[in-house]
Amino acid sequence: MDAIEEKPPESPPESPPAPPSASSRRKKKKKVVVAIDESEGSFHALRWALDYLFSAADAAAAPPLSPPSEKPVLGLILILHVRRPLQKFIVPAAPGPAVGIYVPSSSVIESVKKAQEQNSSLLLSRALKLCKEWPVKAEKMVMEGDPKEMICEAVENTRPDLLVLGSRGLGSLQRTFLGSVSDYCAHHAKCPVLIVRPQSKEPVQKK
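Heads up: the sequence shown at position 76 corresponds to 76 in UniProt numbering, and the numbers run straight through without jumps.
Pasting the structure below:
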C-alpha cells in the first residue's frame, strides 16, 4: 500500500498591520517649515503654527520625560528667510527714449548685502524669540534667490511634514502681474502646504 504523504498545515494569512494608536501618533514629532519676511502676515502665520500645531495642551499630554526636569519638545520648526539677490537697475541713459542698465559698484553691492544680512538677523531673532514661548525646537535657515523657488528647494532638502506660509492678500490683478509665492508653493512644494490668511481688521465704530 502506498504511503500517504501528509502535508503540513497551511499557516493562516498574515493580518494587516494595525493602524498607529493615538499615543504613538503623539510621540511622532512634527517638522514644520515656516517662511518669514518683513510682512506682519508672515509672523501671523508663525504665531498660528505655534498656537495650533505645538500647543501647550499637546505638551501636557505628551509622555513623561527622563529626567522629569526637561521640558517636552513637540517637534522642530524651521524658520526660513529668503533674501532676494541684488538686481540691476534700468535707468534712462540720456534725455529721450533711450535706456541703459545701471550696474551697481562693488561698494554699493557690499553695502546692500550688509543691510540685507542685518535685516535677516533682525527678522530671525524676532521669530526665534517668539518660538521660545512654545514647547518646540526652533532652527533658522537663510537662502538667497527667488523666494518661491527657494522655499520649494528648502522643502525638498529638509522634507518637513508641513509648510506654513502667510498670505499677503493680493487681489486678482496683483496676482496676475506679481505672482503669488503662496500660490506657487501650493502647486510645487513637495509636502502639504498651509496658507494662513491675514488677520481681519475689526471695523471702526463711528460715534
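C-beta: ideal position from N, C-alpha, C; glycine also. Bear in mind the structure is a predicted one, so any value in this text is a computation, not a measurement.
Since His81 contacts Val196 with CB under 8 angstroms, what's their CB separation in whole angstroms? His81 to Val196, Cβ: 17 angstroms. No contact.
Can you give me the C-alpha to C-alpha distance between Gln118 and Cys191, rounded to a whole angstrom? In this structure, the alpha-carbon of Gln118 lies about 30 angstroms from that of Cys191.
Distance, Cα to Cα, Ser111 vs Leu86? 11 angstroms
Whole angstroms is fine: what's the gap from Ala22's alpha carbon to Tyr52's? The predicted position of Ala22 is uncertain, since its pLDDT is 48 and thus under 50; a value taken from the coordinates is nonetheless stated next. Ala22 and Tyr52: Cα-Cα distance of roughly 18 angstroms.
Considering Cα atoms alone, identify which of Lys114, Gly166 and Cys152 is closest to Pro160. Selected option, being the one with the closest Cα: Cys152.
Residue burial classification, Ser107 (beta-carbon count within 10 angstroms, cutoff 16): exposed
Per DSSP, Gly41 forms a beta bridge with which residues? In the DSSP output, where bridge partners are listed per residue, Gly41 has none listed.
Considering only DSSP beta bridges, list what Met141 is partnered with. Paired residues: Leu80.
Identify every residue that forms a DSSP beta bridge with Val196. Gly166
Proximity of Gly166 and Gly41 at Cβ, strictly below 9 angstroms: yes
Helix, strand or coil, according to DSSP, for Lys31 in the structure here? strand
For the alpha helix (DSSP H) that Pro147 lies in, which residues bound it at each end? Taken as a continuous stretch (DSSP letters only), the alpha helix (DSSP H) holding Pro147 covers Pro147 to Thr158.
Measuring only the C-alpha atoms, how far is Met143 from Glu133? 26 angstroms
Leaving out five residues on either side along the sequence, give the residues of the same chain with a beta carbon under 7 angstroms from the beta carbon of Cys131. Closer than 7 angstroms at Cβ, skipping near neighbours: Leu50, Ile77 and Ala138.
How long is the line joining the alpha carbons of Ser39 and Ile79, rounded to whole angstroms? Looking at the two C-alpha atoms, the distance is approximately 14 angstroms.
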